[in-house]
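A short write-up of the structure that comes next.
Residue numbers (the working numbering): 490 to 584.
The following block contains the structure:
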C-alpha cells in the first residue's frame with residue numbers, strides 16, 4: 490500500500506518505465522522486443538481498465554498513467570473496458 494495517491498501513481502509509472510527499459514536492454518531481435526513491449530503495455534491496460542481504477546481520485550491517476558503509457562495502451566484499455574461493460578463478458582466475483 491502507498492501513503493497517498495501521488496506515490497501510487499509515481500510507483501506505477503516507475504514500474505512501467507523500468508519494465509520498458511529492461512525490455513529494451515534484452516538481447517533479443519527487434520521483433521521479440523516489440524512483442525515484449527506490447528505485453529508490458531497490455532498488462533498496464535488491463536490494470537487500468539478495472540472499474541475500481543476509475544473511482545474517485547484514482548480516475549485522475551489512471552488518466553495520467555494512460556498518457557504515460559501511450560496511445561497503444563490507451564486503445565487496449567478502451568477495448569478491454571468496452572468488453573467488460575457488455576454483460577456477456579462481466580465477471581461474477583464481487584468488487
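For every residue, glycine included, the Cβ atom is placed at its ideal position computed from N, Cα and C.
531 is the residue among 572, 531, 491, 522 whose C-alpha sits nearest the C-alpha of residue 563. Ranked by Cα distance from residue 569, the options 507, 553, 537 are led by 537. DSSP, reduced to helix, strand and coil, places residue 492 outside both helices and strands of the structure shown, so it counts as coil. Contact between the stretch 518-526 and the stretch 545-558 is absent: fewer than three C-beta pairs spanning the two stretches fall below 8 Å.
Residue 519 carries a helical assignment under DSSP once its states are collapsed to helix, strand and coil.
In the displayed model, residue 544 falls within coil according to three-state DSSP, outside both helix and strand. Counting other Cβ atoms within 10 Å of its Cβ, residue 503 stays below 16 and is therefore classed as exposed.
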